[in-house]
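Trainee: Residues are numbered in the working numbering as their position in the sequence shown, beginning at 1, plus a constant of 6.
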Amino acid sequence: MHYHYVHKGKYMKKIFTVGTTHVHGFLDFIREQGVIGLSIGFVLGTAVTKVVASLVSDIVNPILSILLGSTENLKEMKLNVGNVSILWGSFLAAIVDFIVIACVVYLVIRILKIDALDKKKN
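(1) Quick one: using the 10 Å Cβ neighbour count with 16 as the cut-off for buried, is residue 90 buried or exposed?
(2) Going by DSSP in three states, residue 96 sits in which element: helix, strand or coil?
(3) Considering residue 79, what are the terminal residues of the alpha helix (DSSP H) in which it resides?
(4) Between residue 108 and the rest of its own chain, which residues show a CB-CB distance below 8 angstroms, the 5 nearest in sequence each way excluded?
(5) Using the beta-carbon count (16 or more within 10 Å), is residue 75 buried or exposed?
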């Protein structure tokens, strides 16, 4: 925080008070709007994406391929209709990715109690 020393006395006190009021207001805004929880969730979501993507592509997708009775990769499964290919396997793999990532982020936030960092709204 920068202070501007204009004159000794009441002016200096007023400038300090205005500066700290804005800082406290900004911190209250961050707490009330849930910015901390959102930021932590975003960072954790980004950090676990590679691990979850590997889990899905290396473990879940092959199991789904076996259950669906195919030896090809889930992402490569498609339905050919004339000259058009409907890539339903790729779509299903994206849905599985989303569900696993959402579950992992939710569990991490719950286990670490990160959601308690936000200020409770009245």
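The beta-carbon is built from N, C-alpha and C at its ideal position, and this holds for glycine as well.
Mentor: The structure says:
(1) Exposed.
(2) Note: residue 96 maps to helix in three-state DSSP.
(3) Unbroken run through residue 79: none, as it is neither H nor E.
(4) Here the set comprises nothing.
(5) When all chains shown are included, residue 75 counts as exposed.
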